[in-house]
Structures are given as structure tokens and as C-alpha cells.
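Student:
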Amino acid sequence: MNHPNENHVPGRADAQVPLTAALAALLALSLFMAVAAFTGIVPSPPHDKLPFVAANIALAVAALVVVRGRHRAAPWVSLLAGLSYLPSVGPHKLLTEVHAAALTPVIAVGSACVLVIAWSAWRLWRSRRVRWA
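Okay, so the sequence shown: first residue is -8 according to this note's numbering, each after it adds one.
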């Protein structure tokens, strides 16, 4: 049976899968943060931070497009998107955020996603089996 990825090596995971999943998870976090801000749910980002949330959403969507298209810029765009989330969901928020206890799941998941993106982007960049466009 043929694998949907023509570059798949049996017994070796494709770095694209966790990269796509982590980007999608960060995108979902951003969308929920934006909805929380618009509806006034506490905790939520202040309205003056929504342009930053919108930029994160745009970078995550761009990264998903280039990763799924197997473009050679995929690792770099993904890493940029992941790093752009650190001010919002980085582990430092546990010490600086007023509502840190309520945001702990968001901070934990977001930080883990950034680590997965960094690791997967590195693996994708190092992979010589990927056919770059």
C-alpha cells in the first residue's frame, strides 16, 4: 500500500505531521483568545493586544500553507510563527500574568506547541528526503 507522502520512509515519522498539528493548535488558541477578548470573558487579552493576536493568526495560517505545500521555506516560516507565540503563551506568563492560575492550561499547551514546532522545523530542515519545491 502506498503512503500518501511519496517521501515517507518506513519506520520514520514525517516531521510535517507534528508541525501541522502544533500550528493548528496554536491557531485554535489564538482564535479562542480573540473570541474571549471580543466577548469580555476574563481572562482574555486586552483589546490593545488584539493586533498581536491577529498577527499570530496570520503567521500560523501562512505556516500551515507552506508546510502543507512542502515549500522549502516551511521550516523557517513555521519557526517564525511558533516564536511569535512566545510573548502570549511562553512559560514566563506563569510569573507575570495576573490570571496565571486560570491560564495555566493555555500556557502549558502553547509552550509545548512552540517546542514541537521548533523540533519539527529543525527535523524538516535537516531532512534530505523532502523534495523541496
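Think of the CB as a built atom: it goes at the ideal place given N, C-alpha and C, for glycine as much as any other residue.
In the structure shown, what three-state DSSP assignment does Pro34 receive?
Tutor: In this structure, Pro34 counts as coil in the three-state DSSP scheme.
Student: Identify which residue in Ala72, Leu71, Val33 has its Cα closest to the Cα of His90.
Tutor: Of the listed residues, the one whose Cα sits closest to His90 is Val33.
Student: If you draw a straight line from the C-alpha of Leu68 to the C-alpha of Pro78, how long is it?
Tutor: This sequence places Val at residue 68; Leu is not what is there. Computed Cα separation, rounded: 17 Å.
Student: Return yes when at least one heavy atom of the ligand FAD lies under 8 Å from the C-beta of Ala46, else no.
Tutor: As far as ligands go, the structure on display features none, and thus does not contain the ligand FAD.
Student: So, helix, strand or coil for Ala6, using DSSP?
Tutor: The answer is coil: DSSP assigns Ala6 none of H, G, I, E or B.
Student: Going by beta-carbon coordinates alone, are Ala13 and Ile98 separated by less than 9 Å?
Tutor: Contact flag unset, no.
Student: Buried or exposed, going by whether 16 or more other CB atoms sit within 10 Å of the CB of Val44?
Tutor: Classification for Val44: buried.
Student: Apply the 10 Å Cβ neighbour rule to Asp5 and answer buried if 16 or more other Cβ atoms are within range, or exposed otherwise.
Tutor: Per the 10 Å Cβ criterion, buried.
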